[in-house]
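Numbering (the UniProt record's numbering), first residue to last: 1 to 413.
The structure appears below as structure tokens.
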């Protein structure tokens, strides 16, 4: 990945701040019990080495937050921060298809960002814990709740900042997506850390090891979820390949529609779960073409009226196919109605206005746009400007007026 200037500046500023705040910690008179430091560092390295990589080279997930919270309550800010960043720095994680990843084979910017993020988050919640009355080696309810929640918020802020500057996306939209996706599970993992701290305070080192099991179980449960999600994505991609093999003129169409649909959906401020549905529906919107004869799909001339009527069956066929797959049922209405028109003259049900699911209205626009700028045997592609003018002119009749306006604006900027 080639970093843009904003990303380099962002990582640079984080690393400088991390050095400054850790230096402040070193000069403060916090607990530096070497036995505690070694103990929590070993646990941190273990859980960080059990990192769960997310698909598409996205951010990996670990249950290290539990160790951060536990070591902070038990040993104080300096021990927590040191064990946290050493866990990140020394981890050796196995990634399917890539072997083992560690500091010496990762790009330098990833290591710098990960370590800086770890130092900033753990040090900040450590200072907050002391400031709001938390006492090291004791359980204090209010300070613990404060740092548990604030740590998750700060972590997502730093990650979202990196993703927004590196991908040139709006920060608050990126942060909103991340916080909805990770907040419940991160708080749950942090709560396990609180339990581990209570175990140590009451019974010592052995009790922490005993409660290390539930932490690994939580990690395993999330790993199963990620694997199921990967299988889900692979299934969708396989279905998309099936569609493209069936209709030679739509190669790459679904991926382009997906990209544009997500951009328009985010601009319209659709919630995270709706964006996810929209992505899946965009990839599979033409799945019903499996039920259309090849001679019609690949005809090198304009279709007859009878053939057009046959083609118009594909949204209903697609909806019937998707509705039989449990984990895809919620996108059935989007698939079925992506050829409806805002004025009610579309198909298959002649829905109009707000009767049409908003995700289907988005697909109608981006699907039409990509079709217009693509060559067909019986016509040449329109230019980008001509296609956008068609969308503008047909806003309020074929297309949802507000979405059409937003789409034209997005494509012109």
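Quick reminder that beta carbons are idealized off the backbone N, C-alpha and C, glycines included.
Reference residue i, options the options, closest by Cα
i	options	result
residue 380	331, 302, 312	302
residue 50	208, 266, 216	216
residue 358	392, 261, 313, 393	261
residue 157	136, 117, 190, 273	117
residue 236	280, 39, 15, 36	280
residue 7	110, 185, 17, 91	110
residue 214	227, 199, 338	199
residue 4	186, 178, 337, 167	167
residue 19	123, 278, 223, 53	123
residue 406	267, 292, 337, 347	267
residue 208	98, 39, 295, 107	39
residue 352	400, 128, 184	400
residue 145	186, 368, 408, 224	186
residue 294	243, 271, 274, 154	243
residue 107	265, 53, 2, 349	2
residue 154	265, 14, 105, 227	14
residue 180	346, 275, 128, 265	275
residue 346	368, 94, 326, 332	368
residue 176	102, 354, 270, 201	270
residue 317	350, 333, 354	333
residue 300	140, 184, 376, 105	376
residue 246	305, 292, 205	292
Boundaries (first-last residue) of the beta strand (DSSP E) holding residue i
i	result
residue 208	Run containing residue 208: none in the beta strand (DSSP E); it sits in the alpha helix (DSSP H), 205-246.
residue 94	93-95
Extent of the continuous alpha helix (DSSP H) run through residue i
i	result
residue 99	Note, residue 99: premise wrong, no alpha helix (DSSP H); beta strand (DSSP E) at 99-101.
residue 257	253-267
residue 418	Shown here, the chain extends from 1 to 413; a query on residue 418 therefore has no answer.
residue 347	Counting along the chain, residue 347 falls outside any alpha helix (DSSP H), and DSSP gives it neither H nor E.
residue 84	77-90
residue 35	34-49
residue 334	332-336
residue 314	314-323
residue 53	First-last for residue 53: undefined, no H or E at that position.
residue 166	141-167
residue 392	384-393
residue 367	358-372
residue 306	305-311
residue 403	401-412
CB contact flag (residue i, residue j, <7 Å)
i	j	result
residue 151	residue 121	yes
residue 147	residue 263	no
residue 143	residue 132	yes
residue 229	residue 63	no
residue 343	residue 257	no
residue 203	residue 119	no
residue 36	residue 69	no
residue 126	residue 77	yes
residue 189	residue 100	no
residue 169	residue 160	no
residue 296	residue 254	no
residue 277	residue 240	no
residue 25	residue 96	no
residue 11	residue 113	yes
residue 366	residue 392	no
residue 115	residue 89	yes
residue 388	residue 372	no
residue 356	residue 338	no
residue 52	residue 223	yes
residue 48	residue 91	yes
Chain D contact for residue i (CB, 7 Å cutoff)
i	result
residue 364	Checking the listed chains, one finds no chain D in this structure; it contains a single protein chain.
Three or more C-beta pairs under 8 Å: does that hold for the stretch 81-90 against the stretch 36-45? yes
Measuring CB atoms only, is the stretch 286-302 touching the stretch 314-323, in the sense that at least three cross pairs come out at less than 8 Å? yes
Are the stretch 194-202 and the stretch 70-80 touching, with three or more C-beta to C-beta distances below 8 Å? They touch, by the three-pair rule.
Are at least three pairs of beta-carbons, each pair with one atom in the stretch 297-314 and one in the stretch 351-367, less than 8 Å apart? no
With three or more beta-carbon pairs closer than 8 Å as the criterion, would you say the stretch 340-354 touches the stretch 391-404? yes
I'd like the ranges of any alpha helix (DSSP H) spanning at least 4 consecutive residues and lying wholly in the stretch 267-296. 272-284
Where in the stretch 4-29 do unbroken runs of the alpha helix (DSSP H), each at least 4 residues long, occur, reported from the N-terminal end onward? 5-27
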